[in-house]
Every structure is written in structure tokens, then in C-alpha cells.
Amino acid sequence: MKATGVIIARFQTPYLHDGHKYLLDEIRSKHNKVVVVLGVSPVKGSRRNPFDFYTREKLLKQYAPELMVLPLSDHPSDEAWSKQLDTLLQNTFPQESFILYGSRDCFIAYYSGHLQVVALPELGEHSATAIRNENGDKVLDTTDFRMGINYAYQNTYSKVYPTVDIAVLKDGDTQVLLGKKHNAPQWRFPGGFADPTDETYEAAARRELQEECGDMEIDNMQYVGSAKIDDWRYRSEDDKIVTLFFKTQWIFGQAQASDDLKELGWFPVKELKTMMQQGTIVKEHHVLVNLLMKNVNA
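Read in the numbering used here, the sequence shown has 284 at position 236, and its numbers run on one by one without any break.
Laid out in C-alpha cells, this is it:
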């Protein structure tokens, strides 16, 4: 019995490049029955994996309607993934034999299953990654383009944006550093969004503090608590901000406002409650004031 040709690939591309077409055409010329197994990331919607299974399935069937397309979830263990691949094919097509095909950066180096594997030669320097990057900022005036944007956002998980805020204290926890943003009349704790390059939230807090308050010498960051922030930008969105609140002791140096802050000042901790009542502390940070007061008075 003639074997079924199986292509193991991701096809994370808005259109098939010549390398993709060569791979598909080469296997179709060798086999009457062709199966494409698409890798499925556990991350729903990302720059590396922007296209879900259904979108890629339609792309492949548009090029060759006879293709059978199956999903296979990524797995942290290459051995477990290999077993899942073999099981998927053998359970979906009992009594069939298979030949697995791959090309550049393909699965072959990670596969430890029992099916026959064939590596195909490269055709040029085609790259789905390059296509995604080159077209990442291209805007098209079509309904399909706008529908695609809507589909992408409607089919991603709601997100929590992690931020860090910092209470810099001195004089035995009696004074705290607050800042004002540009074009904003109210005081707030310095802080901002955590960055993917930050190793820890403590590191993110140090980075944000340096960016907004200059090169002060401070003690270690101490975790105070966390809270959902009622940020006006996300008030009508499903996505929300949750901040991690830290405190640290000022040791040396002049606080100098920069980046998002236009002004800095030291205030008595005991007056923070009064400042909230007077409306001189931004409402979103009232929850942080309450966390700090409980912490320093504990």
C-alpha cells in the first residue's frame, strides 16, 4: 500500500511563498494522499504565531483543496510531542503508512517517533518570518483587511497589563516621594509598565524609578501589595491594569523629575489621607495610599 505523505509545518504566513508551494507541490507529486499537520502554539495570538489553525487551514485548502489538515499542539517535551504526532496520525488514519516530510528549521531534529522521515532540499531563502515583519505595518483599504483585524482582536484572551508603582520613603517612613505628570494637577506614586526585558518586577520598579526620578541611591525594593487600577484608558475595555506596589528607603541623591513626570515632591505620610480627601492625589492611586498606610502602620 502506498504511503500517505505528511507535511509537518507551521505556515505562519499571510500567503504561501515559493518555498511553501515547492514543499506542497513536491509532496503532492509523490503521494495521492497528503496530510498537513499544523503546529498550534499554546499562546493565543502573538507576533510569532499570529494566525490560528482555522486561518491557516483555509490558506492551505485554497491552494490545494484536497489536502487533509490536522492540528497538533506544541509540547515542552520533544519526546511527548513525537508520541502525540504518531498517535494523531495512526488514530485518524488506521492501517495507513506514513512518510513525514520537512525542510528548513523543521521538526526532524526534534522528532523521536517511529515513522519514516524525509528531509527536502531548500528552495531559495524564503522566510515566513520575513514576510510577517515586512508586512507588519502595511494597511490595506479592503473590507477583508478590516475584518481580519476584528477577527484577531475578537479571538484573543483579555489581557492584564502589569505595572509597578513605588513608594520611596525617608526619615523613618514619615516622608514619601510623589510626582505629577505633564498636564496633570494631581500627585501620584512614580511607576509605569513592566517591560519584557525586566528580569523581575523589583527590577522593573528600579528601572521605572530611575527613569522618572533620576539617579537616587535607594535600598532594596519591598513588596507591599497589588491592586487593580481603575485607569481611565481601560475603563471601557476588557483589558485591565494590575499594579505591583513596592516601597523602598531613600538613601542618597536628589530626586529629579524626568520621563513621564514633570514635578516631584516629598510629603508627610500622615497627610496622605487628607490629600486624598482634598482631591490632590490622583483617584487611581487611592488604593495604593491605603495599602501603604496599612503597611507602614503595621
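Here a beta-carbon is modelled for each residue, glycine too, at the ideal position from N, C-alpha and C.
Any idea if residue i is buried or exposed, counting beta-carbon neighbours within 10 angstroms, 16 or more meaning buried?
i, result
"Ser160", "exposed"
"Arg96", "exposed"
"Arg104", "buried"
"Gly239", "buried"
"Ser151", "buried"
"Gly227", "buried"
"Asp213", "buried"
Could you tell me how far apart the beta carbons of residue i and residue j are, in whole angstroms, since I believe they sit closer than 8 Å?
i, j, result
"Ile75", "Tyr158", "Incorrect: roughly 20 Å between the Cβ atoms, too far for contact."
"Pro62", "Asn183", "6 Å"
"Leu86", "Phe101", "6 Å"
"Ile56", "Phe155", "5 Å"
"Thr296", "Ile277", "With a Cβ gap of about 20 Å, Thr296 and Ile277 do not count as contacting."
Distance, Cα to Cα, residue i vs residue j?
i, j, result
"Phe294", "Thr222", "16 Å"
"Ala404", "Leu336", "Not covered by the structure: residue 404. The range shown for the chain is 49 to 346."
"Asp243", "Arg255", "10 Å"
"Cys261", "Leu312", "8 Å"
"Asp308", "Leu225", "15 Å"
"Lys310", "His230", "5 Å"
"Pro98", "Asp185", "14 Å"
"Ser130", "Leu320", "60 Å"
"Val166", "Thr177", "24 Å"
"Val290", "Gly273", "11 Å"
"Ser89", "Arg58", "10 Å"
"Lys69", "Pro169", "13 Å"
Can you look up residue i in the DSSP assignment and give me helix, strand or coil?
i, result
"Ala253", "helix"
"Gly227", "strand"
"Asp213", "strand"
"Phe21", "Outside the displayed range of the chain (49 to 346) lies residue 21, so it cannot be described from this structure."
"Ala275", "strand"
"Arg96", "coil"
"Met116", "strand"
"Leu86", "strand"
"Leu292", "strand"
What residue does the beta strand (DSSP E) around residue i start on, and which one ends it?
i, result
"Asp192", "That residue, Asp192, is in no beta strand (DSSP E); its alpha helix (DSSP H) goes 191 to 202."
"Ser151", "Note, Ser151: premise wrong, no beta strand (DSSP E); not H, not E."
"Gly53", "52 to 57"
"Gly313", "309 to 316"
Any beta carbon from chain D within less than 8 Å of residue i's own beta carbon?
i, result
"Pro316", "Of the protein chains in this structure there is only one, and it is not chain D."
For the alpha helix (DSSP H) that contains residue i, what are its first and last residues?
i, result
"Gly67", "66 to 78"
"Met323", "320 to 326"
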